[in-house]
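Number of protein chains: 2
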Amino acid sequence: MPRVLPEPSADSFDLTVILSALAEPGRRALMTELYRSTDPVDCAVVVEKADLGLSNPTISHHYRVLREAGLIRTVAEGRKRIVKVRRDDMDARFPGLLTAVLGT
Amino acid sequence: MPRVLPEPSADSFDLTVILSALAEPGRRALMTELYRSTDPVDCAVVVEKADLGLSNPTISHHYRVLREAGLIRTVAEGRKRIVKVRRDDMDARFPGLLTAVLGT
DNA sequence: CCTACTGTTCGATGCTTGTCGAATCATCAC
DNA sequence: GTGATGATTCGACAAGCATCGAACAGTAGG
Chain A
1 MPRVLPEPSA
11 DSFDLTVILS
21 ALAEPGRRAL
31 MTELYRSTDP
41 VDCAVVVEKA
51 DLGLSNPTIS
61 HHYRVLREAG
71 LIRTVAEGRK
81 RIVKVRRDDM
91 DARFPGLLTA
101 VLGT
Chain B
1 MPRVLPEPSA
11 DSFDLTVILS
21 ALAEPGRRAL
31 MTELYRSTDP
41 VDCAVVVEKA
51 DLGLSNPTIS
61 HHYRVLREAG
71 LIRTVAEGRK
81 RIVKVRRDDM
91 DARFPGLLTA
101 VLGT
């Protein structure tokens, strides 16, 4: 039942796309929150914690950008979306990048 | 006679500005070239090596963005502009960032 | 002083992007 | 099925940005 939403493979990561995704403060806030836990989490919970004053369409858009950059994996489970950072893939292609941008 | 062009202090660096600057392929190409040498270099030489097909105004604009992000220091000497990467300042505020983005 | 040269500034233009409201879709509970 | 709920899609709009040609500014060399 859970389906993984479309995402790029690690070897087709594009640094321009990744940096553009991380350059946006709202998206970086989401990532920082996501980066705390290694386990997948409900994206709505992350949104709540990040506490950006943004509408649902905008949030959805930001998650999409992050996913299409390869930064996160999104799994649809029922009505919810479960997300997690693709640490290994990112570290493989751009070692130290996530740590440098999102903190320790 | 040499004058240092206006630049932000290390403690006023803004990660959003920095990542936006590095997200642009042309600017990143300039940075990658600059990052090779620790010594200041003539910016025109860098442009030549990077071999982007861009006009002078555009190049000038890109250098300005990099400088105002705090990524480079630009010194005007006569008609030339001497540039170098602000490694120490960047490493102090965002350790590992330059290495992660520009390679070893 | 005049010229050549290097780089910057100034519009203007076209593309990208962040944002939202409204409509739509998919799923769960009853 | 019906209704409620969480998320996405679809225009639409405003702001930002990369790019260029033309004009400008400062400097070096006659």
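Protein sequences appear in the order of chains A and B. The letter at position 29 of the first sequence is residue 29 when you use UniProt numbering, and the numbering goes up by one with no holes. The letter at position 33 of the second sequence is residue 33 when you use UniProt numbering, and the numbering goes up by one with no holes. Virtual Cβ for every residue (Gly too), placed ideally from N, Cα, C.
- The distance from the Cβ of isoleucine 82 of chain A to that of valine 41 of chain A is about 7 Å, consistent with a contact at the 8 Å cut-off.
- When the beta-carbon positions are compared, leucine 102 of chain B and aspartate 91 of chain B stay at least 9 Å from each other.
- The alpha carbon of arginine 28 of chain A has as its nearest neighbour, out of B:Val17, B:Leu5, B:Ala29, the alpha carbon of B:Val17.
- Using a CB distance cut-off of 9 Å, serine 20 of chain B counts as an interface residue toward chain A.
- Listed by position along chain B, the residues whose Cβ is nearer than 8 Å to that of threonine 16 of chain A are Ala23, Glu24, Pro25, Arg28.
- Distances from the CA of alanine 50 of chain A to each of A:Val75, A:Arg64, A:Tyr35, A:Asp39 were compared; the closest alpha carbon is that of A:Tyr35.
- With a 10 Å radius around the Cβ and a threshold of 16 neighbouring Cβ atoms, arginine 3 of chain B comes out exposed.
- Following the DSSP letters along the chain, one finds threonine 99 of chain B inside the alpha helix (DSSP H) bounded by residues 97-102.
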